[in-house]
Structures are given as structure tokens and as C-alpha cells.
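Asks: One structure is given below, represented as C-alpha cells, and several questions about it will come after.
Chains as they are written, first to last, in our numbering: chain A, 1 to 454; chain B, 1 to 454; chain C, 1 to 454; chain D, 1 to 454.
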């Protein structure tokens, strides 16, 4: 593999090119304001492209001497980077896509830190949260004016089998052949395959402006380092805003096999769609995988049936081993999506019509207390049960791969989850199957981050 | 002439294309926040392109039934315009350049109203004023990253003779042939000729991205309606920020014959350059005109000599009837400008190194009191005397063409100006010659807006 | 004025960039093949941009030491130019537009010399002549596929009054505002004004791909040096192919005041349109000029009435002092032109449907014999009488400004013209009025090149 | 799989957009001139993209009712296509890349048929053959002016193992990461993998103008249908001109494992490079494959050593299982290639300096007579022995996959090959190993097309 240079200076292209003295001062001041440690962590994650581990701590230990300095220049700034992972370089030159990601990280951290997390957006107000999500995405140039509906959000695990991975490429290829674009969480596995496939599909159709959008957040970026094929990267401030960004930019959603993270995404989505106000929202959802994944989706389907019921099941289709049908189905519904946006007077690039309850917007911080306090009960309205289940999975993900969560587990043992017995059994069964299928962890022995208490 | 349609709807291109619900709400709310009357006035001025009057009141009376409505759309906004001047249209279609100017006006008024005039920029602090000027220009996409120095600011009167006007075209043509770009106050006369000439020069050199930058402000825009050749228009919040914008984006400055407004610009420039901190600043300044303007520049030159002295005179050259030499001289100094920026670590697109005293930054509102309070005394340090003289001319311009100033004069008679006798005599002589040469007013009898009190 | 460098090397952009060894050899061989003297003459004409004389011999004498060498390079060729006119340079650098014209001249001379003047196009066959005209224009990238009809051919004199010149700019401006493009003979006067005006109009409408097409031919290029605003220059092989190119690329035609050359163009056009096969061809023609030109067009109108009759008069409108109406009228007919092309299955960029008789295609070489042999008789069918009249004017132009024709006159005295008395009197009156109005010659005394023999 | 529409009309983009009536007539007349059957065959091959057979006859039989009609339009032409293979379509729309290939085929067949195969290029003269190759490539826009050396020609089999195929993608990826472009024979296998890999590499480096050049010829196109990733396709008139095109556009050459076709390419290349005039030509050549291909290259290496000797062996490196080293090595030599072109005064886009003997240029038509007449003797100068061996492999390829060759074998049995025993034994061993490794044929039993006669 290419060796990394000891240090390298890079110059931004794009929105960070021209900064005022005020802005440069604020950035240099970032240490004081607390933005710097966050930036350093995300920068390292982005530079660790292609890595085959999802253990963030391992990464931070391996590159303890990594550093990134912001250098003030009359016309703006440069970054000086020390001891970065070799995978970010080709013959000593940083890969252009990685360089773009690095400045995307800086852009988003600064924008959120200086423009969003201020009194202007009072983030306790749900409408303000949605506006904040919009502003972050627009600042990252994600919201193309006048583009026709073509953004397909693809979800799925970062740790999937070779067969599943190849299948995600096939689906991406068929999407690309039909001029559709791809948005994922931007890590490896099911987040990378569809982008690669779409790149080849776009290439055959001579589509040059293909979009491969990655939406990540600081807690997950180190465990799922963005792949440089993504040509638009956004670091949302937290998991909930990232999920809201996904469902508001999506014109259609594909779910590939995955682990707890994917389950969290599915439950968030169904929880939102189950809200009565969203009954008529056009948002095609397809669960798909190769033949070997059929069983996996049956388990998910059953959990959904047992907890959220048939109306939730009616919001998605399951298509096994049919990449072309997936793409064709999505393309054919774009017309309807488009029609609804037009009638509802909604924007084409951001689904303002979708109603999202505060339960889905409020950041959930997984602790032993917050996890123990979850109520997984059939007595709740379905969309609120979905919210509780979503949080349960969110906590499990945190306990698996997020630095903070992992530390809590190490100190106090697994999270405890409580609820109706029927739900808890189904849940436990699903999670055990994830473990059995090695969908939770790439390296080392798997130690579950939760314990079902009945 | 083309008839204007009764009403027309137009859709923005560019930065106003994608707005959040929050932003659209703020705009619709503009009535309450007081932005709407300002917008309406500037919009009318922009639509009155090519008009041959500098009497703003006349304009507002002639188009009393003019209206512009902001219409909320899911993807942003539209404007609906009623009873606009016919000169903005060709066969019922709004001229593209006018349309761009209209949205530039909206963009700047909104940006200043919502982002600049807030506690973020505490505009009492000089450094903050400079940052504000920078942010407004950047928001208007004036600050191209990495562009080589090529912006020539051209000043001069809106009411000049045909010979003088043709001469400004010749200078613009020679600038254009050398790949230089033009920035003016964007009105008629000496503000339009250089842009037209440069357009032809760029065309012969096959330069497609030629820049014709217009910097205006709400008080002056109605009297000097922007010409649609300008392909970048910025409405600065007031005269002082407009003047600061001029001198910070300029890589060189050409002064053509003009009236009181031009005198204000000259005094501002010399006042700034006379500051000891700016002694070494590279900023070539050339006064130029056709043979018939030689006398005019002699008078200016003498006033400067008599008040600011030889060191002020050494900051400019006077070149009569030599359009090619003007352009050649400017182009040859670009190398030095460039070198200084590089050494000083300064940006190429914004002259941060230039020191501007608070006296030149603070808005001067011309009233009978403020004008009477001016101290035009040789006892002042030269650069502060320049500041006082600048204000005197600013007040005269206000009394001539600005709505507010004209009303004051109508109600209370001419402003009174006091100072050292030697200065006052020179000043009076100059102003009388402006009147004699019809440099103050296009239509109607000229009634002086000031009275020298000795 | 800028001084020209003694010698300069320039490198082509575009179709001459990549040449085979065979092609380079052919070019270097051009001396032998006889193409070189023609190239040298046209190159000098192109470099003499902006010159105020139409005396080609004067030009060749003034630049007797001018030379241009073709230098073979591995990747193609360069030109080395010696002692060129200073007007082609700005501070020692050749104006980009002039450079393009120089390579356009080379391209066309080589293409005609090697691809057209071969057995492949047997130029005695009328259909082949039309195909040759098409191939030359396509090779020069004039024939844009899929462009909507927008090419307005503007004819008129190179030696017109300032008022007339300013009027041609106004018409060009109004055409440009309406997105129409301009094609002229590419010399000064009425050939340059519309391009300049359209440049400003396009600029206001933010049209960046505006086309300013110049069609010239070797015999006329020296007397009418192309203006570098023209961004597409074609050197047609002779006057007749140039005229055919004009009428086949035109979607509309404007005629400004001019001299004998303009009369030749008018008679060619009417002769073609009078052919019965062309009765239904949509091709709007407008004669226009400022108020002072009204008389001029009356004389032309009468000559046409007296010779070609009312049906010829019905093929054009005369609009005096109405630049906006001219442009509006042309734009409104584009729809009809477009419709006819669609119905007739004709190309939008080349009017194949137009029937042109061999009399109008065959090159006419003006000699004392050929001029004396013309039959200007009312007994001829109208379109053939037009052909004879066209040749008469062509000969007069040759005797005035073409090197060969001028020499013949110097040696043998004026050409003699014969015909019906009524025709000859009208003709003589018209030509005398051209002389009186100084429409025939810029410098020196005017010596008529013809004599009417009755 | 997508169903193909029964018939579809397509319109060209690019050089076929604007045709003269003469050219359209010539195309419609193609039946008479014999171009049509050739066009139909190549068109079918191009539409058969992604097919998993190399049996051309099978293809022609399967699509016996396929047809393509040229429709004359005023502005040029359209194609109407009947009963085309479904793989060319996505949901009834032809893939854009396939459409481009179809018009590339038409363009090249017409150009060769009308411009090259005429008396202008007397193709018996070697210099003329090289000029013809240049003209065909330039007409296909392959020869970019001023591009830096970056074209890596990749050779290798269409029928390779999955491991080998994945390896070709890795090499292409590493080339793409370094900004190098890829040129192949444009079929499946080793001709497609490097293009796919480079597409991903270019995407990560944000290189938008990546070039994937395919060079094919009518005899091979049906057996090796071009992959639509290729964004520049050229149909050279015959195998020899295709080989000359490869070596003249290459700035470096990579050879992957393959069969008889690849052997033909290697022998052609070494034969050319062995010519004394080419001793100093910089043209890096690398044989590479995954670990499992090491043995394959050993056999080739030995054959070359035994026949052409060490000097031939010194012209290439063998790098096993080192995709990054291959790309790094090539990139580092680009500097030297560039230097040599500059010094030698050669074009950067076409290697005029390379000397190619007539033996390598003359088309070799494989018949029982021509194959039997080959002299595979150690008495020949090395570069001529290479020419003989090249023809032997060419004949074997023809007998395997070319329509004409296959028919000959069916009628008269295998070709007979004669020569020195040592050579023949090595040759036979190599060919047997190709068969054993299934490198000769994808479908059906393999029947050898030759017989070694000792």
C-alpha cells in the first residue's frame, strides 16, 4: 500500500475558499470553543477510508499521533495534516475525494457550531429542527433547485457478506442505468456498493453529474468511514437529524440487509410513516437482498407485524433477488412522488409535507438509565411504539460502535431492556440472529451490548 | 418603445432559488420588519433602467402604482411585479440582466436585514464594519477565489457630455482588450461607458467571463438606475460601506469627469490613502478624460493641492486623452499590486491591508445640523480634513438627488457650509464650475443644495 | 497605437490543432501548389483589422515586407508572422479574435484547396456547388445542429455616415436583445455596427453564445478587413458562393444603406426569390436606415420597380428609423420560417429548399469583355434580368476595390455597360447618387469604374 | 431482463448530426457500394452488449430478423432499428453508451468507405497507411491536442477467470487513481475490467473527463461486443490497422492473461519494438496478472526467449499480483515518454517516431494457403520471425472466432502450420495450455483451428 507522507498541506476548493478575517479567527479559536476535538476525530475518520474495522477506539489508538492544524491564509485557510492513514493517499498525494470529505467535515462542523447551534434556531421547537436540517443540507449544496425527483436512499449494514455486497452493487447499477441517484450513510458494505454500481450505470448512460450523497454524524463516522466515491458528504449534528435528513431528501428508499443500525432506520421510517398525517405521503420503500437474505427479511417482517401491525407492513414491499425490478419499481413511482409534491405545493428536493413527531426528533442519548426507561409496550399507539423500538436499537448501536456507548458498557455492563414479553422475545430473537449472521461487528469476539430483562 | 405588461411573474436563478420555510416567512413578513418599502423603492429603480433622469422623486411619482409582491412557493419564492417601467422589457419579456438585478436587490436587502444588521456584526466596531463589507460582497459572489488582480474601479459622473461618454467607452475598451474587468457605481454616464467598452474589448479577446461589477446603495440607486450590462450588482447598505467596498475590491482606480459625487469619491480615496499606515499601499489611481476635460481636472487638482497638499497629489496621475496609456499603465501595475498582496499575505480579491479610519466608515447623514457642524479647516491633519470635505460633498449629493436630502432642502433651504476662507472659496469655485458644466443635474433648472457661509 | 512586434509565433486552437504528417506536408508545399500567395494576402487583410482604407493595393504596398511562415510541429503547425500591422496587437500580443481569424483563413484556404476544388465536387454541376457551400460552412462550424432559426444576415456599405453607422448598431442591439444572431460580410461600417450592437444586447440578456458570423471571400477581404468581433469567420472561395452562403444560412435579411456591393447583394437576393420555385419561400427581408437614408432606399426601390417590377418589390419591406420594429418584425417571422422548414422537411441551419439558378452560381469574372457582354434588357425574364444586373454591380465593385479589377481599369479605362435605355438611365442615376453620397470609396478622389454606353 | 422494443428510432449526437445531401445520398446508397452489410453486422454486435458468447455466427443466427435502416432527414439522418437484442435497452430505452457506439460504428464505416479507401490514401504505401490510421483516429476524436501522456493500452483475453477479471479491475482502479486513461480492444474480460476499475478510480479522484477508448475491427467486433463503459469507440478497418492504432496511441502497455489474440498482440508489439530503428523508443510494457497467472506468463516468456531472444524479453517487465506497482511504474515512466516525444519533436497523442515495417502493416488474410505458407524459422531476422508468428496467431484467432475463418475450417479442416521443430513444439505447447486453461472459447466444445505439421 502507498505510504502516507508525514505531513501534508491542503487547500480547500468550494465554500471554504473565501473566508473573512472574522471567520478565520473563529476557526483558529476552535480549540477554545470546543469544536477542535470533534473536528480532529471526524477528520481522522474521513482519512481512514477503506478501513476494515468498525472499532472507533482502535482507530483513535492506532493514530494517536495524528494531528490536523488549521492555518490562516490571507485568502482563507489551509489544513496541515500529520501522520494520517496511508489509505487516504496515492503515491503521497491525497485522494481528491478524501480531500473534499475533509473540507466537508470542517464546513459542517463550523456551520453547525456557529450558525445552527445558536439562538437563531431554537432547537427545542420541532419546526426549527426541520429548518436546521434544511439549512445544513443547503449549506452542503445537497438541495439542488429544480432537480427532478431522483434521490434513492439506500440503507443496510456495513458488515455484510460478499454475496450481499455484490447484490447492492447490482441494485445500484440498475438505479444508475435509470438515471437515479444514491444517498447512503456513506460507510462500507451496503452504503458503498450502491454508489459503486450507480457509478458504472451512470457511466454507461453518459450521465456526468451523478450524485452519491453520504449522510453521516460524528458518533458513527469513525466506525463507518466515508467512501470517497461519495461526492457529497454531510456530517449532520446527531443521529436524529441524520435520520430526518434521510427521509426528507429521499424520493424512494431501499433497505438492504444490515444489523441493529439498519433496524433503527427501519423503525424510524415506519414510525414516521405510521403517523396519521403521513397516511397519504408517497414514499416508496423496498426491502431487498439476494436469495440468501430472504430469511433475514422474513424475521424483520415478522417483528414489524408483531409490533407495528399490518398497516406498517403495507408501507413497504419485499423483493428478493430482483435488482432490476427494484430499480424499475422505484423509477415508475417517481412520477407519483413528483405529482404529489406538485399538488401539495412541496419542494422537490426536501419533503416539507412529511410530519415528524418530536419523539423522533429529540436526540436520544443511550445510557443505562435512558435504556432502562424505554417502554416497549403494545399499549402504546403504534407510531410511538416504533419510536421506543427505534431508541432501543439506537442504544444497541451506541453500545456496539460509538465511543461513548462502548465505554459505558465496559464500565457498567450491558444495557437492560424491558417491555412486553411478546415484544421482548421477538426482539431478542432478531438480535441473536444478527449476531449469528455476524451483522454486528467485524473484528474480535462479539459481546452483546444489551440484556433483555423480562 | 416596448410596452410593459401590466403584471409579470419572475423566478429567481441563483442563491434565492432554495429557501427554507423560515426564510420565506421572514421575507413575507418583511412589511412588518420594515424591509419591504426599501425593497420596493430599489426594485423600481432597477426596473427603470436607461431612464434619463436623476430625480428620484419624479420616478416614484411617475410609478405610484408600481408594486412588487413576494409569492411563497414550496421551492422558494417568486416575484409578481405590477406596472413596471417599460424599459425593463423587450416585447413583454423582462430583460435577463434586469431580472438578475432585481433578485440581487432582494438578496442584498434580505442579507443585510437578516444577517448583517444583527448583534453578530456589532457595527460600531471598525473591524466589524470591514468584515460586514466583506460578507456582503461574498454573499453577492463578488469575491472570486484565486482570481488574479484585474478589477479596475471606474468613477465619474452620471451626467457627462457625449464626448466624455465616448471617451469612457474607449478607456473601457482598452481595459477590456487587456483582460481587465470593470467596477463602477452602475448608473449611466461614466458608470456605463467603461462597461460597454470593456464588453467589446472582451469580445474581441474572446474573454467570456468578463466582469462588470456595479456597487450601489439604496440612497443613490433611484437617481442612478443600474445599467443591465453590469453582470454583478451589489446594493451596499450605505454610502460609506459602498465606498469601502470600492477601495477594497479595487486593484486600480480610474476617475473620469463627474460632479459632486465624483468629488466625494476622490476625497474619500485620498483621505484613506493619506493615512500614514497606507503610505506604501500599491493602488494605482489615474484621473483621465478627453481633451475637453483637461480644465476640469486642473480645478480638482488645484483644490486637492490647496487643501490636502502635494503628498495627496502624488497619489494619482492625470492622463488626458490617452485611453490606451491609461489601460497600459494600469495593467503594468497589476504585477506590483499582486506582489504586495503576496508579500503582505493579503487576499487578492479584498484589500484587508488598507487601513480605514472610523471617520470614513461612520455613516454621515446630511442634515442642516450635521452639515453646519463640519469643520473645513487647514488646522486638521490632512486625512481628517479629507474626511470633512468628503462629508461636505456627500451632503451636497444628498441635497441634489437623494429623496431625504431633497426634501430637507425643500423645507429648510440650502445647507450651510462653514470653514477656512481659502478652502471655502476654492470649494465654491469648484461647485460653481460643476453647475456651469451641467454636471449636477440632468433635467430642470439647477437649484444649489448648499450655501457657503464665510 | 500599440507597436507591432517584428515577428511573432502563434499556435492554433481548434480544427487545425491536430494535423497528420500528410496534411502538414501539403501545407508546407503550399508554395508549390499555389495556395501560399492567396493565404499571405488574406492573412495580411485579417491582420489589418480596423484599417480605414478600402484600397487593397495600398495595403499590399504598405506591408510589402509582411510575411507569414507555416512551421511544422510534431503535433501540427504554428504560424510565424513578420512585420504585421500594429492594429492586430495589444501591447505586443495578438488580439485573440484576430488570431482566430488568421487560422480561419488558413483552414478555409486549405479546405477549399484540398477538399473542395477536387474531382469529388464537380463544380460545374449546380447541386455540387450547393453541396460545396454546405461543406465549407460545416467545416467552419457554422452549421449548428438543432439551433432554432436566429441568423439575421445584415448587408450594407462599409463606407457609411456616422449616423447610419450608429443606426446599424441600434438595430443590432435590438436584434441582440431578442436573442437573434448576426451574419455580415465582416468588414467595417454596416458589417460591423450590427455585431457591436448585438454584443451589447446579448450581454444585457446574459446570452453567452452569441454568434457574429462573417462571410468574406479572397477578392474582397483586403478591402473590407474582418472585424475581430466576428467570432466565426469563413472565407468562401468566390463572391457567388459567398452570396449563396448568405441566403442559405439566413433566416431573415436586413439591408442597410450601402454602395454598389450592397446593390449587388440586393439584386442577387431578389433574382433568387423571383424564381417561380421560390415563390412560397419564407425569408423576411427588410430595408432599413435612419431618417437621412429614406431617399436612398427610395432610389433603390424605384430601380427595382422599374426593372424587376412589383412582385420583386413585394419581397421586402422598407422601415425607416425604426430599429425596434425591424427586430420585432424579424423575430415574429422566425416562427413562420421555422414552420416552413419543418413542413418542407428542410434543415434549420441551411436552406436546401431555396432554388438557385446556375446564372447566380457561376462565378462572374469582370473583364471589359464580360461586362460589355451583359444584356440589361426588359425582354429577359425578371429573375434573369436580376442576374444580369447583379453582374453589372459585381463588375463595378471589382473595378472599385478588387486588385484584379482595379488593374484592368487602370490599363484599359472604365468598363462599358450596355442595355435598354430606361434601365441604363436609372442605373446611371443610382450610381451617380452613390458617388455623390460617397458610398463608393473612403480615400482619394473617386474615379468611376464603368461607363454607361447607350 | 428488460425486453427490447420491436423497433426504435434514434438520432445521432456529434459528428453525424449535420450531413450534406450528398453525404446522406451516399449512405442511403450504401447497399450498392457494399457498406450496408458491414454496417448491419457491426451494429448488431454493438447492440449485443454484455453477451456471454464469442460465437459470431450464433449471434447472427439468433438475430436473423434484426435490421437497421438509415432514414434521411433534412438535417441529417436517423437510424431505425428492428428486433435488436434486449441487452441494449433499459426499460425500452436504448442505453446511451450503446447509442453512441452505434453511431461510432456508422461514422467509422462511412469515413473509411468514403474518405480512406479512395485514391487519396494509396494504401500500398506504408507512410499512407500510418496517415490513414491517424485520420481515422482523429475523425473519431481520439487524438486530443495538448493532452499529457496518459493512455495505457490494456490487452488480455475476453475469456478469463473471475480471479483474473477482478485483478484487471484492480489494475484499472490503480491506473484511474493516478489519472491514467485506459484503451482496450473493448470486448469483455480483460478489455472491460480495466475500464470499470478506472471508472471507480477516476470517480474517487473527481476526474470527470476519464477516457475509456475501445479499438475494434469488423472481424472481431461480433465475437467481442464492445462494453458501453467505453466512451470512445473506433472501428478500425482491419486487424493490422487496429494493432498499429494501439501502439501509436499507447503511452504505456499492460498485458493481462489471454489466449491466441493476446499472443498475436504481444508478438506484433515485440516485432515492432525489435526493429533497430525503435531501439530507443520509450514505451513501457508490463505483463501482469494475479498469482494464479504466474505460470501463464512463464510460458509466454519462454516462447519469446526461445524464438525472439533476450533482447525481446528486455522490452517488458513481468509483475505478478502487484496492481499498485504496475500503475506506479507506468505513471513514473510517463515523464520519460513525454521527454522523448518532446526531444524527438513528436506528437504527444500519436507516436509518429515508431517505425513499423510493411510486414506488420499489410493485412493478413488467413486461408489454408496463407497459413501453410508461413515460415516459422529461426533463420529469419528476429523482428521478421515475430511477424510470421504474429500471423500464425492471427490465423488461429480467425479460425476460432471470425466468421470467415470459422467457415473455412468447417469446410476444409484445421489450418496447417509449418516451421522449425523447436519453434513448433513450443508453439504447440502454448496453444495446448490455452485450451487447457479454456482461454480460447467460452461456449461449446473446443475444436482447434490449426494443426502443427512437423
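Where is the CB? At the ideal position from N, CA and C, for every residue including glycine.
1) Alpha carbon to alpha carbon, how far is residue 172/D from residue 321/A?
2) Within 8 Å (strictly less), CB to CB, does residue 143/A reach chain B?
3) Taking a Cβ distance cut-off of 9 Å, strictly less, list which residues of the region 215-243 of chain A are near chain D, in chain order.
4) Taking residue 283/B as part of the alpha helix (DSSP H), name the residues at either end of that continuous run.
5) For residue 135/A, decide whether its Cβ has a neighbour in chain B, counting only Cβ atoms nearer than 8 Å.
6) Under 8 Å by Cβ, that's how I've got residue 85/D and residue 63/D pegged, so tell me the actual separation to the nearest angstrom.
7) Within the region 144-206 of chain D, note down every full beta strand (DSSP E) run reaching 3 residues or more, in order along the chain.
8) Return the chain-ordered ranges of every beta strand (DSSP E) run that is complete within the region 45-77 of chain A and spans a minimum of 3 residues.
9) Just to confirm the assignment, what range does the beta strand (DSSP E) spanning residue 451/B have?
10) Does the region 38-50 of chain C touch the region 124-143 of chain C, meaning 3 or more C-beta pairs lie closer than 8 Å?
11) For residue 442/A, decide whether its Cβ has a neighbour in chain D, counting only Cβ atoms nearer than 8 Å.
12) With distances taken from CA atoms, which of 282/D, 288/D and 355/D is nearest residue 343/D?
13) I'd like to know whether the C-beta of residue 96/D is nearer than 8 Å to at least one C-beta of chain C.
14) Evaluate residue 411/A with the Cβ neighbour count: other Cβ atoms within 10 Å of its Cβ, from every protein chain shown; 16 or more gives buried, anything less gives exposed.
15) If the criterion is Cβ atoms closer than 8 Å, does the pair residue 293/D and residue 257/D meet it?
16) Does the Cβ-Cβ distance between residue 178/A and residue 216/A come in under 8 Å?
17) Does the beta carbon of residue 22/B sit closer than 8 Å to a beta carbon anywhere in chain C?
18) Spatial neighbours of residue 393/B within its chain, please: CB distance less than 8 Å, with the 5 preceding and 5 following residues excluded, ordered by chain position.
19) CA-CA distance, residue 225/B and residue 273/B?
20) Whose Cβ in chain D lies nearer than 8 Å to the Cβ of residue 463/A?
21) 8 Å is my cut-off, CB to CB: does residue 200/D come that close to chain A?
22) Across which residues does DSSP place residue 376/C in a beta bridge pair?
23) Say whether chain B places a C-beta atom closer than 8 Å to the C-beta of residue 17/A.
24) What would DSSP say about residue 255/D, mapped onto helix, strand or coil?
25) At which residues does the alpha helix (DSSP H) containing residue 394/A begin and terminate?
26) Exposed or buried, what is residue 244/B when buried is set at 16 or more other beta-carbons lying within 10 Å of its beta-carbon?
27) Please confirm if the region 330-343 of chain B is in contact with the region 95-103 of chain B, defined as three or more CB-CB distances below 8 Å between the two stretches.
28) Interface residues of chain D around residue 303/A at Cβ under 8 Å?
29) Any beta carbon of chain B sitting closer than 8 Å to that of residue 177/C?
30) From which residue to which residue does the alpha helix (DSSP H) around residue 129/B run?
31) Determine which residues share a DSSP beta bridge with residue 233/C and list them.
32) By how many angstroms is the C-alpha of residue 113/A removed from the C-alpha of residue 26/A?
33) Alpha carbon to alpha carbon, what distance is there between residue 149/A and residue 442/A?
34) For residue 341/B, count the other beta carbons within 10 Å of its own beta carbon; 16 or more makes it buried, fewer makes it exposed. Which is it?
Replies: Per the coordinate set shown:
1) Answer to the nearest angstrom: the Cα atoms are 29 Å apart.
2) Yes, contact with chain B.
3) Within the region 215-243 of chain A, the qualifying residues are 227, 228, 229 and 231.
4) Element bounds for residue 283/B: n/a, residue is neither H nor E.
5) So yes, residue 135/A belongs to the interface.
6) Confirmed, about 6 Å.
7) Here the runs fully enclosed are 151-155 and 181-184.
8) Fully enclosed beta strand (DSSP E) runs of 3 or longer: 67-73.
9) Its beta strand (DSSP E) spans residues 450-452.
10) They do not touch, by the three-pair rule.
11) With a pLDDT of only 49 at residue 442/A, under the threshold of 50, the placement of this residue in the model should not be trusted; the figure read from the coordinates follows. For residue 442/A, the nearest beta carbon of chain D is not closer than 8 Å to its own beta carbon.
12) When only C-alpha atoms are compared, the closest one is 282/D.
13) So no, residue 96/D is outside the interface.
14) Exposed is the call here.
15) Yes.
16) If you check the CB distance, residue 178/A and residue 216/A do not come in under 8 Å.
17) Output row for residue 22/B: interface = no.
18) Take residue 393/B, set aside five residues on each side of it, and the residues of its chain with a beta-carbon closer than 8 Å to its own are 260, 261, 263, 264 and 267, in chain order.
19) Their backbone Cα atoms lie some 29 Å apart in a straight line.
20) Because chain A is modelled from 1 through 454, residue 463/A falls outside the range shown and cannot be assessed.
21) Contact of residue 200/D with chain A is assigned, a C-beta pair being separated by under 8 Å.
22) When beta bridges are read from the DSSP output, residue 376/C appears opposite 419/C.
23) Residue-level contact by beta carbon holds for residue 17/A and chain B, with a gap shorter than 8 Å.
24) DSSP places residue 255/D in strand when its eight states are reduced to three.
25) Start and end: 382-401.
26) By the neighbour-count rule (16 or more Cβ atoms within 10 Å), residue 244/B is buried.
27) A contact is defined here as three or more CB-CB pairs under 8 Å, and the region 330-343 of chain B fails this definition with respect to the region 95-103 of chain B.
28) None at all; the shortest Cβ gap to chain D is about 34 Å.
29) For residue 177/C, the answer is yes, since a Cβ of chain B falls inside 8 Å of its Cβ.
30) Run containing residue 129/B: 126-139, per the alpha helix (DSSP H) assignment.
31) Residue 233/C pairs with 214/C.
32) Near 10 Å, if we compare the C-alpha coordinates of residue 113/A and residue 26/A.
33) The predicted model places residue 442/A with a pLDDT of 49, which falls under 50 and marks its position as unreliable, so this point remains unresolved.
34) Residue 341/B comes out buried.
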